[in-house]
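Read through the structure below, which is laid out as structure tokens, and then see the notes.
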Amino acid sequence: MNEIRSENIKFLLKKGISTGYDLPLIDAPSHFRSKDEIGLRANILHILYAIFLEGSDSKPFFFNEIRENKWEKYLSHKEKSIFEKKGMDKQDIIDFSWKREAILPLLWSCQVVGYKLLFDFDNEFILSKYYSKIPPEKELNLFLRSLELIDTTNVVKCVDLYYLLHSLIRHNKLNKGKDGERLSLVIERRKALEWIIDPNTEWDDISLDT
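Numbering of the sequence shown is given in my numbering, commencing with residue 177 and proceeding in unit increments.
This is the structure:
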């Protein structure tokens, strides 16, 4: 982990970002999520993002799709509660709008998108460029069979990088005027990365301490 931390600090320094203080090293995971788990989570998050795009009135349609395909078991407890309640809160819509950023690490970890995208934390992920590679344009079972997990060392490296970034933003260390936008982006990406390396913790319960 020391080597990974050193590489990440060098990367940040090249981008003109100094960490300024030490953070504890993350624990090296013993095992990871399977590619099917990752692919199914990406599918659910894409549905949530689609609700943001189509508007809150589309929620019944998409919930019906989930039930017809027996995907309810892949919803987190919080996601189930949003579908089961009447209407949607403004915050629900805002939260759904950021789900595309959580989708990025999931697709990257299964080699659907390239490495550089995850290391670009100044720009939001344009999911529409990859619609042809993911459900619903690509049938779910074909999508799952096409996935191939990336080397686990790379995943750990990205977890550590986003841990550093999250802490820097929370402690106002970047000072580039974009911290508000970056925070949501970094949180969603970090949550997905932490979930990948922690198969024993539910999506809603992933810790994002810094």
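Glycine is no exception: its CB is placed at the ideal position from the N, C-alpha and C atoms.
Taking R276 as the centre and dropping the five residues before and after it, the same chain places the C-beta of Y225, F301, L303 closer than 7 Å to its C-beta, in chain order. Counting the other CB atoms within 10 Å of its CB gives D385 a total below 16, which places it among the exposed residues. Per DSSP, Q287 lies in no alpha helix (DSSP H) and is assigned neither H nor E. Here the C-alpha atom of K254 lies approximately 12 Å from the C-alpha atom of E248. Of the other Cβ atoms in all chains shown, 16 or more fall within 10 Å of the Cβ of F259; this residue is therefore buried. Rounded to the nearest whole angstrom, the CA to CA distance from L293 to L280 is 8 Å. With distances taken between CA atoms, W371 lies nearest to I382 out of D271, F187, S308, I382. According to the DSSP assignment, P236 belongs to the alpha helix (DSSP H) that extends over 235-244. Secondary structure in the region 252-309: the alpha helix (DSSP H) runs of 4 residues or longer, each lying completely within the stretch, are 253-260, 266-273, 275-285, 291-294 in chain order. Counted as a single uninterrupted DSSP element, the alpha helix (DSSP H) harbouring H342 occupies residues 328-346.
Counting of Cβ neighbours within 10 angstroms places G215 among the buried residues, the total reaching 16 or more. Here I202 is not near V362, since their CB atoms are 9 Å or more apart.
Nearest to L341 by C-alpha distance, out of N178, D198, E179, is D198. The residues L323, E324, L325, I326, in chain order, have a CB closer than 8 Å to that of Q287 in the same chain once the five nearest residues on each side in sequence are set aside. Take F187, set aside five residues on each side of it, and the residues of its chain with a beta-carbon closer than 8 Å to its own are F295, L337, in chain order.
Taking 9 Å as the cut-off, the beta carbon of Y307 is found no closer than this to the beta carbon of V289. For I270, the number of other beta carbons within 10 angstroms of its own is below 16, and it is reported as exposed. The beta carbons of F297 and R358 sit about 6 Å from each other, so the pair counts as a contact at 8 Å.
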